[in-house]
Structure formats: C-alpha cells, structure tokens
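The structure under discussion appears below in the form of structure tokens.
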Amino acid sequence: MFKQKLTSVVNNVEGAIGCLLIGFDGIPIDSVYKDEELPQMSAVAIELSNLLDKFRRLQIYDVGEVNEVSITAGSITALAKVVAEEYLLILALTAEGDVNRGQTMLRLISPFVEREMR
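Just so we're aligned, residue 67 is where the sequence shown starts under this note's numbering, counting upward by one.
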C-alpha cells in the first residue's frame, strides 16, 4: 500500500538509501531500499521511534510537539517525520545525500500516509 510513495522518495532524493514507515511501537509497516536492505536501518528506525516517543512525553512540560528530527551517525543521516500521531516516516541518506530534498519529500507524502493510517 505504501511502497509506491516510499519508492518515490527513494527515487527522487539524491543519496537516498531507504525509506521506512514504522510505528512508535517499533513495528515496521513498510520499507523500500535503493539497492539492498540494510539490517541496521531497522535498529536505527526503532531507536528513532523510541527517541521521538520520549519527546512526545515531554509535551506535558509545554515543550511543544516534535514533528521532525534528523540524526547523523557515521556516514548515514536519518530523517524522521511524525505522521498520523502514531507513525514515523524515516529516510536514510548517505553523507552526500540531499537532506533538504529528503525533508521536502517526507512532507509531501505524509498527508497520503496519514489518510491511509486512519
């Protein structure tokens, strides 16, 4: 169901490695990789979901909502966008990847994902 949208992100962002849709519970919904699946990406996605869940709990302190996060570890940058309150779109990029384009693409597909998840 989501493969087409995830594929459009991977194909339209320079340096994209893969794009995943994952729940805050750490359960992957769907994923697309440019070349081959990277097992470590699932681990990174789970850790990002845990991190963002902690930020969500900080809302009780009037910190505000966290909607997007980017983390660089080694030569990989992971962009995460919250969708439908319970899910994350995660895009993994190489060091030379186009982060701005990646953020834009995640923002463009998020309304579709939100509609489908409700």
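Don't be surprised by glycine CBs; every beta carbon is placed ideally from N, CA and C.
Bear in mind that the values here come from a model prediction, so they are computed numbers and not experimental data.
What are the boundary residues of the beta strand (DSSP E) that residue i is part of?
i: Gly168; result: Unbroken run through Gly168 is the alpha helix (DSSP H), Val165 to Met183; no beta strand (DSSP E).
i: Val98; result: Pro94 to Tyr99
i: Ala158; result: Tyr153 to Thr160
So is residue i buried or exposed if we call it buried at 16+ other beta carbons inside 10 Å?
i: Ala161; result: exposed
i: Ser17; result: Residue numbering for the chain in the displayed model covers 67 to 184; residue 17 lies beyond these limits and cannot be assessed.
i: Ser141; result: exposed
i: Lys71; result: buried
i: Thr143; result: buried
What is the DSSP secondary structure of residue i, counted as helix, strand or coil?
i: Ser141; result: coil
i: Leu87; result: strand
i: Val27; result: This structure leaves residue 27 out entirely; the chain is present only between 67 and 184.
Here's a check: name, in chain order, each residue in its chain whose Cβ is nearer than 6 angstroms to the Cβ of residue i, leaving out the five neighbours to either side.
i: Ala150; result: Glu180 and Met183
i: Phe68; result: Leu87 and Asp96
i: Ile137; result: Ala144
i: Arg167; result: Val79
i: Ala139; result: none
Short of 8 angstroms in beta carbon distance, which residues of its chain neighbour residue i, apart from the five on each side in sequence? Order them along the chain.
i: Tyr153; result: Leu87, Ile88, Gly89, Phe90, Ile95, Val179 and Met183
i: Met171; result: Ser74, Val75, Asn78, Val79 and Leu157
i: Ile112; result: Ile88 and Gly92
i: Leu118; result: Phe90, Val132, Val135, Ala146, Val148 and Leu154
i: Glu103; result: Gly84 and Ser97
Could you pull the start and end residues of the alpha helix (DSSP H) that residue i belongs to?
i: Leu114; result: Pro105 to Arg123
Cutting at 7 angstroms between CB atoms, please list the residues of its own chain near residue i, excluding the five before and the five after it.
i: Phe121; result: Val132
i: Asp164; result: Val79, Glu80 and Gly81
i: Lys100; result: Val76, Ala82, Ile83 and Gly84
Open item on the list: Quick check: the stretch 104-115 against the stretch 169-184, are at least 3 beta-carbon pairs closer than 8 angstroms?
Closed with: Flag = no, the stretch 169-184 and the stretch 104-115 do not touch.
TODO: Specify whether the stretch 79-93 and the stretch 153-171 touch according to this definition: at least 3 beta carbon pairs, one from each stretch, less than 8 angstroms apart.
DONE: At 8 angstroms Cβ cutoff, the stretches touch.
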